[in-house]
Amino acid sequence: MIETKEVNFAYRRGEPVINDIDCRIEDGEFIALLGHNGSGKTTLSRLFMALMHPRSGAVYLDGEDIAKKEPADLADRIGYVFQNPDLQILADTVWDEVAYGPRNKKLPAEQVSAQVEEALAATGLTDFAEVYPRTLSFGQKRRLGVAAALALKPRILILDEITNGQDSLEKEQMMNYLRAINEKRGITVILITHDMNIARLYARRVLVLHNGSLVFDDVPEELFNGIKDLGEWGLEQPTMAALSRAFGLYALTVGDFCSQLVLKAGEQQ
Amino acid sequence: MRVTAFTQLITVLAVTALVFILPVQLVSFVLVVELVLLLYIRHDRMTMAAIGALAVFTGMMILLQLLFRSPLETALAGGLRMLVMTMAFLCLLAATKIQDIAQALVERFRLPCEYAFMLTTALRFVPDFLADSAVTLDAQSCRGYSNRGNVFKRMYSYLVVIKPLVMRAVAKSDTLALSMELKGFGANTYKNMKKQELGTGDYLMLTIVFLLSTYKFWVKYI
Amino acid sequence: MKNKAVEFKNFYYAYNGDELALKNINFGIREGSFTVLLGPSGAGKTTLCKAMAGIIPYYYGGRYAGSVEVLGEDTKGRRVSDIAMKLGLMLEDYESQLVSLTAGEEVSFSLLNHGFPPEEVAERTRKALEDVGLPGRENYQMDELSGGQRQRLLLASVLAVRPRVIVLDEPVSAMDPEGAVSLYKLLYKLYQKYGMTVVVVEHNLDFVLPYITDMIVLQDGQIKAAGCFEEAAEKAYADRELRHLLPALWQVRLELEQREGIRLGSWRNIGEAISELKEKFGRVGL
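Respectively, the protein sequence lines represent chains W, D and E.
Number 99 in numbering that gives the first Met the number 0 belongs to position 100 of the first sequence; there are no gaps in the numbering.
Number 45 in numbering that gives the first Met the number 0 belongs to position 46 of the second sequence; there are no gaps in the numbering.
Number 204 in numbering that gives the first Met the number 0 belongs to position 205 of the third sequence; there are no gaps in the numbering.
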């Protein structure tokens, strides 16, 4: 569980980036953290991981203030996956790459290998264990990043723009793995994204930041089908949401929309 | 009155030699000139920080010399000379675009264009490299890497950021090479730039440099 | 019959010691078209772009057969930078393609290399920076520019030599949606202004839907469809693996056409889709 109390943050000699944010993220949630560029969404997530510390206010992890912690202290409770997988790959095999975290924690060898196997399985990389990581496709490298974080058995996973630069099939694959990790293992997933469609399809709760303030905190249906104009927060309405809204439907996929539209048209005649 | 990069380079090279030729009083005078010049060209935070760092470094040099039992006078003079030398380079960097220095090196000193290009490109990628290394360090710390502990342990564990950074740099250099190919980099690059013609300022400056360099020779006859 | 900006004839290519990356490539890109190159990851889109610019095979070696013509001239045996005068290429990872310390130097770099006189270099640099919305920024250092600005700077440096064709490989993959939309808006403006041919690799077609005239669909190193957007989209839709790469709006359009046996318009934005659907399916939801 992550909880923030009146958290504020500003860079040196800069405007405030985070203004008085109070929020609470329970175990097992699947959250999308949305906001336009510079809204503070990445900053907030970095505060969760102790990569930065608030100017004022406090961040609590399972009720404990993390003001005195550094990321390494939290690594077995929160996994944080960065956007660019190339900047973190350091080992010569996928297996060693994933084992880096558990080895850092000086776990016994059997436990390391058990945790690595589990993380590889959860991200569909078991068959790639002996592969040189840099030859993986972009989508696979992203999953490797997730596996590397999972190997420390965190209960919370924070992912920064994890689907950026991927085609829709790769995105779907990545999101299905994350959904399974969330549902089967009960790991909290916090997704920082500007892909509205991903938020709409997968998240069960959406937080929207705008100019450093938390302006929305509810289920995605409420955000995408509500009366609120997303443009005001610098967000784009995804195509399927806009289409659905125009016809008073709530369809997630193209197939859904077509069926619902035809059905409704038939009923009205 | 503008002075071209060529003259500035010559001047800086001359100053590094002059500090050993000229008497200490004159060297201190050069230092004052340099300081005034530097602050006239630029007086932002970066410049101040650089001056500060140089001063500290010079102080350390002097202390070191004293430790090795050099007389105070020699130590001070040595520190002063070094300060004047490095300050000259600082002035050069503040006053001239690297691109112009590179061009002067190719045009007047016949440096192969590849080396000149390396000079500018290396500088171009420094900020990117620093940004990348910050991300890499963060990413590793999120996987349990901690730089707490003694200096040696910290140095050793710092190695974890080197590899991803080197690999990233290699990948970048591949794209960079392609980009240079597409843009037709070659011997023409510097040849086709606007020539840096010497003007009155240059001749004046070069004369002063010449006079100072031959100081030992003519001072006897005055 | 319009001229071809780029034409591939029986082209095959394999990287050194690797299997064929491109197989039996035959297609032409219409001069003056806004062409999108579509395909799943690893289909060979980047390789195809590099072949257009003559980087393949010149730079990478490898085995190849067939020919590539740019504006009617075979690329074989020509210098990459000479081809770049006619066909500008913007690779992915724009950061690594910027080689200079200031914006002005960056744009004038290739002009100088090609021996343009200094006055013209200055004039073209000024113009190119103005075109991409960075007027008067000649003396800006790289780190004074934001990511989006750096990318537009790269675009300016490609445009400065005034190529008639410009090829962009996933130009917005590292950008947020807002930045992506504005980059394509800019590109379209320049496309209209200079009557260029634009070829772009993009996997989110929602960004380019309003502008596409032609489309090439690539899968496993082979051309699946090439030609006007409507027809190529229909062909792609028929393939289960390629279907999802189309813009959501067109997936709806083609799905409804198939299910209901009707014909719908060539929607370019959501407004068009909504008004036609309201007409065809009654006033659903009102």
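A virtual CB, placed ideally from N, CA and C, is assigned to each residue, including glycine.
- For Tyr220(D), the nearest beta carbon of chain W is not closer than 8 Å to its own beta carbon.
- Not a single CB atom of chain W sits nearer than 8 Å to the CB of Tyr189(D).
- Shown here, Arg204(W) sits in a strand according to DSSP, grouped into three states.
- Put simply, the backbone Cα of Tyr114(D) is about 43 Å away from that of Ile191(W).
- In this chain, the beta strand (DSSP E) harbouring Arg29(E) covers Leu19 to Arg29.
- Listed along the chain, the chain W residues whose CB falls inside 8 Å of the CB of Asp175(E) are His35, Asn36 and His193.
- The alpha-carbon of Leu248(E) is positioned some 19 Å away from that of Phe33(E).
- For the pair Arg142(D) and Glu129(W), the Cα-to-Cα distance works out to about 21 Å.
- For Met174(E), there is no enclosing alpha helix (DSSP H), as DSSP marks it with neither H nor E.
- Counting only runs of 3+ residues, the beta strand (DSSP E) found wholly inside the region 43-70 of chain W occupies 55-60, in chain order.
- Look at Phe215(W) here: in three-state DSSP terms it is strand.
- Residue pairing of Asn7(W) in beta bridges, as defined by DSSP: Ser55(W).
- Among the CB atoms of chain D, one or more fall inside 8 Å of the CB of Phe108(E).
- About 18 Å separates the Cβ atoms of Phe29(W) and Tyr249(W), ruling out a contact at the 8 Å cut-off.
- Rounded to the nearest angstrom, the gap between the Cα atoms of Tyr187(E) and Val160(E) is 18 Å.
- When only Cα atoms are considered, Ala49(D) and Asn175(W) end up about 52 Å apart.
- In this structure Gly194(E) is exposed. Its beta-carbon is surrounded by fewer than 16 other beta-carbon atoms within 10 angstroms.
- Taking C-beta atoms under 8 Å as the contact rule, Arg151(E) and Leu133(E) qualify, at a distance of about 6 Å.
- Among the residues of chain E, none has a CB under 8 Å from the CB of Asp228(W); the nearest is roughly 15 Å distant.
- Within the DSSP secondary-structure output, His193(W) pairs in no beta bridge.
- Judged by pairs of C-beta atoms under 8 Å, the region 55-66 of chain E does not touch the region 88-106 of chain E, as fewer than three such pairs exist.
- In this structure the region 100-119 of chain E touches the region 138-150 of chain E; the number of beta carbon pairs closer than 8 Å is three or more.
- Non-local beta-carbon contacts of Asn210(W) in its own chain, meaning distances under 7 Å to residues more than five positions away in sequence, involve Ser38 in chain order.
- When Tyr189(D), Thr199(D) and Met154(D) are compared, the shortest CA-CA separation from Arg109(D) is found for Tyr189(D).
- With fewer than 16 other Cβ atoms from the protein chains shown falling within 10 Å of its own Cβ, Asp64(W) counts as exposed.
- Pro111(D) has a beta carbon lying at 8 Å or more from every beta carbon in chain W.
- DSSP links Asp213(E) through a beta bridge to Thr34(E) and Cys227(E).
- Using a Cβ-Cβ cut-off of 8 Å, Phe81(W) is close to Val134, Asp137, Ala138 and Cys141 of chain D, given in chain order.
- Within a 10 Å sphere around the beta-carbon of Phe209(D) sit fewer than 16 other beta-carbons, which makes this residue exposed.
- Exclusion of the five residues before and after Asp21(W) leaves Thr3, Lys4, Glu5, Val6 and Leu213 as the residues of its chain whose Cβ lies within less than 8 Å of its Cβ.
- Looking at the DSSP output, Asp73(E) bridges to Glu68(E).
- Residues of chain D whose Cβ lies closer than 9 Å to the Cβ of Ile54(E) are, in chain order, Leu177, Glu180 and Leu181.
- Counting C-beta pairs closer than 8 Å gives three or more between the region 4-11 of chain E and the region 64-83 of chain E, which meets the contact rule.
- Going by beta carbons, Ala150(W) and Val97(W) fall inside the 8 Å limit.
- Cβ proximity to chain E below 7 Å picks out His35 and Asn36 from the region 24-57 of chain W.
- Less than 8 Å separates the beta-carbon of Gly43(E) from that of Ala20(E).
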